[in-house]
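In what follows, a structure is listed as structure tokens, so that the remarks can point back to it.
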Amino acid sequence: MRTIKTIEGTYDVLPGREGGNPMLRVEAWQRIEEVIRGVMRRFAFEEIRTPVLEKTELITRSIGALTDIVHKEMFSFRRGKTDYVLRPELTAPVMRAYLQHHMGSRGGVRRLFYMGACFRAERPQKGRFRQFHQFGAEIIGTDDARADAEIIGLLAAVYDAFGIDDVSLRVNTLGDPGARPRYVEALRRYLEPLESELSDTSKERLRSNPLRILDTKSVREKELLAGAPRLIDFVGQRSIEFWSRVKGYLDDLEITYTEDPFLVRGLDYYTHTAFELESPHIGAQSALAGGGRYDLLAREIGGKSDVPSVGFAAGIERLFLALEAQEAILPGTQPLDVFLVAQGQEAMRRVLRLGMDLRVAGLRASFDLDGRSMKAQMRAAHRARARHVIIVGEEELDRGCVQVKDMETGDQFGLSFDSLAAYFLGV
22 MRTIKTIEGT YDVLPGREGG NPMLRVEAWQ RIEEVIRGVM RRFAFEEIRT
72 PVLEKTELIT RSIGALTDIV HKEMFSFRRG KTDYVLRPEL TAPVMRAYLQ
122 HHMGSRGGVR RLFYMGACFR AERPQKGRFR QFHQFGAEII GTDDARADAE
172 IIGLLAAVYD AFGIDDVSLR VNTLGDPGAR PRYVEALRRY LEPLESELSD
222 TSKERLRSNP LRILDTKSVR EKELLAGAPR LIDFVGQRSI EFWSRVKGYL
272 DDLEITYTED PFLVRGLDYY THTAFELESP HIGAQSALAG GGRYDLLARE
322 IGGKSDVPSV GFAAGIERLF LALEAQEAIL PGTQPLDVFL VAQGQEAMRR
372 VLRLGMDLRV AGLRASFDLD GRSMKAQMRA AHRARARHVI IVGEEELDRG
422 CVQVKDMETG DQFGLSFDSL AAYFLGV
């Protein structure tokens, strides 16, 4: 029979890998998650976890029925009378949870963060997978422009924590919802005479969602857009004032940014602030993270009123690419504190108990379960990069002590069973 393998666009993350792609090492993932959680704790953000499976309606109503995600990229199916989807992003599920569990009932602002898998049925390529992983953060319940600056500051702090400094931040304002239809119509009128020079994809977007053309990677299409209308010219005075406050706060935080009048993001729920963090080292899809303000999302998914909010989402796989570009060293297999070697049936029984005791004491310990020779067990200890080996045989059992070998220096000495944990914890 043919061996079953992973689905294209997915991958296994395994323990114990050395060298090669760190994205395939579970120890590297653990380090990434540890750093992200550390930054989130410093900013007083609380973790939230939502189901991988959501109702399709949540995504279509929040992201927009004409977006590429809904139109082309969702993994969706029906069971009974209900349509389900594997979540393609996490902001809408977080807002759904916020509303469902009345998280705003106590008043005040909620600062939430998440990490988890998402799914999109798109062509796999560098930095893009059918199952991928995001981390992100949301500030829910305030229309204060300081929240926009804080969320961007948090995003910058995460990448600073990894030592990734060759990045650029693009920002723009989308204004209030009333500005978008007028801008879309102006953009369509500008592009229709140029339709013959557009790609097939952009021709389709011209009819369904012209804003998506602004995301084009085509050099020629970028040239055509140079003279296109700017969204900033269609937003109202209050939106301009809000945008000025956001930029002022970013200046106060000494965050460098570039205003990009064509940055609109690909999701319908954004209003006012939009931003993207980019790296020149991760290929054509250069975005590391993006986000913005989404004051209308709550009502779109069934909330009784608007809940002003702002947040970002970032791809963990793309974070790996940025780390690789900077030749960052991510952890491989963690060395063992001790590896226990047993000779004889009674010794194997004693090693089982001794290993458990050492683990309870806080040590990283392992032992052989195949009944192999002492030589084979020593080779296993070496492969596990054990700092010390504890040897237990009939003679050691009779004397009430073990032999300890320091694997770095080669020194070997005896210790009583009772003093083992204290010795290693003091090393």
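Residue numbers (our numbering): 22 to 448. Yeah, the Cβ is synthetic: ideal placement off N, Cα and C, and Gly gets one too. Bear in mind the structure is a predicted one, so any value in this text is a computation, not a measurement.
What does T279 pair with, by DSSP beta-bridge criteria?
Answer by DSSP bridge pairing, in chain order: R191.
To the nearest angstrom, how far is it from the Cα of F156 to the Cα of A49?
Roughly 15 Å separates the two Cα atoms.
Using the Cα positions of R108 and E75, report the straight-line distance between them to the nearest angstrom.
Distance between the alpha carbons of R108 and E75: 6 Å.
Here's a check: name, in chain order, each residue in its chain whose Cβ is nearer than 8 Å to the Cβ of L284, leaving out the five neighbours to either side.
So the qualifying residues of the chain are R191, V192, N193, L235, A295, F296 and E297.
Do the CB positions of P282 and L252 come within less than 8 Å of each other?
Cβ distance < 8 Å, so P282 and L252 count as in contact.
Cβ neighbours of T237 in the same chain (closer than 7 Å, five flanking residues each side left out)
Contacts found: S223 and K243.
Expressed to the nearest angstrom, what Euclidean distance is found between the alpha-carbon atoms of S217 and Y291?
Whole-angstrom Cα-Cα distance: 30 Å.
Reference T77, options F98, R63 and E68, closest by Cα:
Comparing Cα positions, the closest option is F98.
Within this structure, are the beta carbons of A177 and F333 separated by less than 8 Å?
No, these two residues do not count as a Cβ contact at 8 Å.
Going along the chain, which residues of its own chain have a beta-carbon closer than 6 Å to the beta-carbon of Q364, five neighbours each way excluded?
The answer, listed in chain order, is M395 and G414.
Among the residues of its own chain, which have a CB less than 6 Å from the CB of F388, if the five just before and after it don't count?
Hits under 6 Å: L361, V372 and G376.
Expressed to the nearest angstrom, what Euclidean distance is found between the alpha-carbon atoms of A343 and C422?
Distance between the alpha carbons of A343 and C422 is about 51 Å.
Looking at L227: is its Cβ nearer than 8 Å to the Cβ of L212?
Contact check for L227 against L212 passes: the beta carbons are separated by less than 8 Å.
Pull the bridge partners of M136 from the DSSP assignment, please.
Beta-bridge partners of M136 (DSSP): F156.
Taking just the CA atoms, how far does G129 sit from P36?
Here the C-alpha atom of P36 lies approximately 42 Å from the C-alpha atom of G129.
Nearest-angstrom Cα distance between L87 and R209?
For L87, the predicted structure reports a pLDDT of 49, less than 50, and the residue's modelled location is therefore unreliable. The matter cannot be settled from this model.
Whole angstroms are fine: how far does the CA of G431 sit from the CA of D272?
Roughly 58 Å separates the two Cα atoms.
Using 10 angstroms around the beta-carbon of E429, count the other beta-carbons present and answer buried if the total reaches 16, otherwise exposed.
E429 comes out exposed.
Which residues in the same chain as E280 place their Cβ atom closer than 7 Å to its Cβ, once the five residues preceding and following it in sequence are excluded?
Answer for E280: V192 and N193, listed in chain order.
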